[in-house]
Amino acid sequence: MPVLTESVKEMKGYKLHLVKTEKYKTNTIVWKMKAPLTKEDVTLRALLPHVLQSSSSKYPTTTELRSYLDGLYGTTLYVDLAKKGEYQIMSFSIEVANEKFLSDPTPLLEKAMEFLAEILLNPNIQNNNFQTETVEKEKKTLKQRIQSVFDDKMRYSNLRLVEEMFGMEPYSLHVNGKMEDVDSITSENLYQFYQRALKEDELDLYVIGDVDENKVEQIAGKLFQFEQRTPKVISNYEKKNIQTVHVVKEEQDIKQGKLNIGYRTNVVYGDSDYFALQIFNGIFGGFSHSKLFINVREKASLAYYAASRMESHKGIMMVMSGIDFNHYDQAVGIIKEQMEAMKKGDFTDEELEQTKAVIDNQLLETIDTSRGIVEVLYHNVVSHVNISLDQWLGDMKKVTKEDIVAVANKIEMDTIYFLTGMGVEQK
Amino acid sequence: MKKIAFDQLQEELYYEKLNNGLDVYILPKKGFNKTFATFTTKYGSIDNQFVPKGEAEFTKVPDGIAHFLEHKLFEKEDGDVFQQFSKQGASANAFTSFTRTAYLFSSTSNFERNLETLMDFVQEPYFSEKTVEKEKGIIGQEITMYDDNADWRLYFGLIQNMYKNHPVKIDIAGTIDSIAKITKDMLYQCYYTFYHPSNMLLFVVGPVDVENTMKFIKENQDKKAIEQQPEIKREFEDEPNEVAEKKKVLEMNVQTSKCLVGIKALNQQLNGEEMLKNELAINLLLDLLFGKSSDNYQKLYSEGLIDETFSYDFTSEQGFGFAMLGGDTGEPNRLEETLEKMLKDAATGSGITEEGLVKAKKKRIGAFLRSVNSPEYIANQFTRYAFNEMNLFDVVPTLEKITLEDVKKIASDFISEERFTVCQVVPKK
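In order, the protein sequence lines correspond to chains V and B.
Under full-length UniProt numbering, the first residue of the first sequence carries the number 1, and numbering increases by one thereafter.
Under full-length UniProt numbering, the first residue of the second sequence carries the number 1, and numbering increases by one thereafter.
This is the structure in structure tokens:
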């Protein structure tokens, strides 16, 4: 039996993805809208879902809208933005109780889908544009959201690494948009953007839970109908020639240094060596048995965290660690040594098997949550491939040491970013 | 073995108290890939004054030692337990809170071997001077990481404002200076006092065979000759009702200010049903007053005093408790004044309506269903409830019984200006 069964139906202008499972007490609905990341649209797209979720024509104030959701057994609604490769994706997620666990028989899934249609398609309109007051309020919140990254030094250093590493490439854009563009947004240009997004974006609707598939298809077909479209496809990955490693040090009044190193992996989801890369990352820095954790933390006692993380669609890997300012050289040295060891195949069969086992475990655990299911399945939408989770698990098991060494030798260090204390560099 | 069925939820829970005093709970979950297990001791950062096992006098241990012990338990003579778990395809972790230390793993294969590893590593300590010294560097970095974390400093600053004597005011990880004093002998002393099975709870949730799992656990425990232990003697100094400090402003390297308003709960010795009813009523009260559908929330948001980081929470354990509300703000002082005024109005019953209560209850019931999708939530929360003699699965029936009068009474008892306190983080000038 497959570990995960997804049924996909072509609907009018979008795809409906259904995963039927009895393991949850709730049903989950996720609506995704995807388009290329561009400097012109990035801030509009970052703002739009927040405006849509704050009120609608039927629920013209946030209080009314949220009261309705509370009364619907605390149905949750949240929106978020993600950057996957060079795409920017808006998600609207709704989780609603399954009434079979309640004494009240109200058909909650249907109500929740109607509610999604309401906020997406029936916005709070004033003079043929979004209501100005809402837009202004959400612009203010967006500015705070953009600014708040500065206050979280781990997120900040990660964002700075990406900026430094990608310079003029669209991937350097931040998922929440650009501070300097917020003021120029009006209810008029945002409304025009909204209409364009509904017309051109790639649209996907996920429904996960103990649901009647035919019924969901019928309700979705009635509530959501869009023009057919050919979604814009861009190549996420381009080979870049790296001459020298770009090193950036920045000073701030902080107590712990944040070391972030970016690598180009030159491999993306859908490539035949993607699974080898995933295992590479696991041996190198993904887990508490990995080389980075053992050597930076356990052996050298330099850090509390030292890990690596992959971005599957842009083909990058990032190492992050929090260290004393004066341990910079030592930490960078250890990280480079570990990468060299990987490239030389200096890891045991035991490390390889151990890593396969934990990644297998991680993937199976991910699909124990409905959000996890959507995230795993959505990789296929982003890459326009069709890899089932069973295939993923199966292909990963076949990866050999030679495959990993080969993929390791494609990986190139691009940028080192270090956030350090004030005056440290002068000492 | 006792079976407890929850028909409306379609869940069954199995329980047995073993000969050595260990409480074991198993909740089978069909359809899930992973099994999740937690092995928890009722021992946290607040337990810093106690009579060590086999001694007669009280002793006081350095701040941060419970957390330090948690880190060190993973290290054995022949290596690191993390390694062993990952060889068996499991992911392991641990955490220390004010009142508990929990060790846990999740796995989708080799469940029994992983369960054995969990029980054995927690019950077979190995501490050496050398590894204790090495850990000081790692935990030192963990402490420094939190020093730069404005939200953590704000949260802890508020708790420190509230408590004059109670050890809840001590940072869970301790300080660089306090952990410097920790020795391997102190770790053994704490370990043998608090890690007796009679002070612990094992919870397993996942697609398991209940009978076999219980048998496996019993055999493992019976093999270990563990002698009976008398009740642990802990000591806490008296704590006044009023807060220690009314306001604290921390200057940090941030761009956006933060403000939290706290209410210290009356020195509570509640447990069981009373404690559950009390905490659910306060949670309903906070939902009614500050939930996203409340008039207060709307007012705060449209005036630009709060953003999406706004949150509220009530924490309650035997001996201490507090509510806190706030978040990022452009105007910390005005947010503080507005929240305090809203709270004072609520103490008189203003804004507490039957309609609002019905909505708040529905919201909590839905939230409970959502939570029981999560094996982690069930195991962690069930343990917390059990240590306070409450039952997690009583949440919905207890919620249903709470009346408008209960909520109004809670509002007038709980909300009192002398127990308000404020902590702010503001940009460094």
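Where a beta carbon is used, it is the ideal one built from N, C-alpha and C, also for glycine.
Given the structure is predicted, the values throughout are model-derived calculations rather than measurements.
Kindly indicate which three-state DSSP category residue i falls into: helix, strand or coil?
i                      : result
residue 274 of chain V : helix
residue 1 of chain V   : coil
residue 272 of chain B : helix
residue 229 of chain V : coil
residue 168 of chain V : coil
residue 91 of chain V  : strand
residue 264 of chain B : strand
residue 247 of chain V : strand
residue 214 of chain B : helix
residue 119 of chain V : helix
residue 328 of chain B : strand
residue 29 of chain V  : strand
residue 423 of chain V : coil
residue 187 of chain V : helix
residue 159 of chain B : helix
residue 28 of chain B  : strand
residue 58 of chain B  : coil
residue 67 of chain B  : helix
residue 197 of chain V : helix
Going by alpha carbons, who is nearest to residue i out of the options?
i                      : options                       : result
residue 300 of chain V : B:398, B:137 and B:71         : B:137
residue 173 of chain V : V:146, V:191 and V:49         : V:146
residue 26 of chain V  : V:132, V:114 and V:208        : V:208
residue 222 of chain B : B:197, B:237 and B:232        : B:197
residue 396 of chain B : V:18, V:28 and V:101          : V:101
residue 72 of chain V  : V:108, V:17 and V:44          : V:108
residue 400 of chain B : V:103, V:3 and V:9            : V:103
residue 305 of chain B : B:146, B:332 and B:263        : B:332
residue 330 of chain B : B:427, B:166, B:63 and B:403  : B:427
residue 254 of chain V : B:404, B:108 and B:150        : B:150
residue 402 of chain B : B:284, B:416 and B:343        : B:284
residue 17 of chain V  : V:23, V:24 and V:30           : V:30
residue 66 of chain V  : B:353, B:298, B:347 and B:249 : B:298
residue 167 of chain V : V:183, V:186 and V:240        : V:240
residue 424 of chain B : B:390, B:231, B:258 and B:213 : B:258
For the beta strand (DSSP E) that residue i lies in, which residues bound it at each end?
i                      : result
residue 420 of chain V : 412–420
residue 309 of chain V : 306–311
residue 209 of chain V : 202–209
residue 14 of chain B  : 11–17
residue 376 of chain B : No beta strand (DSSP E) contains residue 376 of chain B, which is instead part of the alpha helix (DSSP H) from 375–387.
residue 104 of chain B : 101–107
residue 429 of chain B : First-last for residue 429 of chain B: undefined, no H or E at that position.
Identify the continuous alpha helix (DSSP H) that holds residue i and give its terminal residues.
i                      : result
residue 327 of chain V : Where residue 327 of chain V is concerned, there is no enclosing alpha helix (DSSP H), given that its DSSP letter is neither H nor E.
residue 135 of chain B : 129–147
residue 372 of chain V : 370–383
residue 296 of chain B : 295–302
residue 404 of chain V : 401–408
Of all the CB atoms in chain B, is at least one closer than 9 Å to the CB of residue i?
i                      : result
residue 279 of chain V : no
residue 427 of chain V : For residue 427 of chain V, the predicted model reports a pLDDT of 46, less than 50, meaning its position is unreliable; a value from the coordinates is still stated below. With 9 Å as the cut-off, residue 427 of chain V does not count as an interface residue toward chain B.
residue 74 of chain V  : yes
residue 430 of chain V : There is no way to answer for residue 430 of chain V, as the model of chain V reaches only from 1 to 427.
residue 206 of chain V : no
residue 70 of chain V  : yes
Please confirm whether any heavy atom of the ligand SAM lies closer than 8 Å to the CB of residue i.
i                      : result
residue 385 of chain V : The ligand SAM is not among the ligands present in this structure, which contains no ligands whatsoever.
Taking 9 Å as the threshold (beta carbon to beta carbon), is residue i in contact with chain V?
i                      : result
residue 89 of chain B  : yes
residue 113 of chain B : no
residue 423 of chain B : no
residue 135 of chain B : yes
residue 102 of chain B : no
residue 336 of chain B : no
residue 375 of chain B : yes
residue 142 of chain B : yes
residue 412 of chain B : no
residue 9 of chain B   : yes
State the CB to CB distance for the pair residue i and residue j, rounded to an integer number of angstroms; the pair is presumed to be in contact (CB under 8 Å).
i                      : j                      : result
residue 331 of chain V : residue 352 of chain V : Not confirmed; about 26 Å, so no contact.
residue 320 of chain V : residue 260 of chain V : 5 Å
residue 411 of chain V : residue 265 of chain V : 5 Å
residue 72 of chain B  : residue 135 of chain B : 6 Å
residue 347 of chain B : residue 411 of chain B : 6 Å
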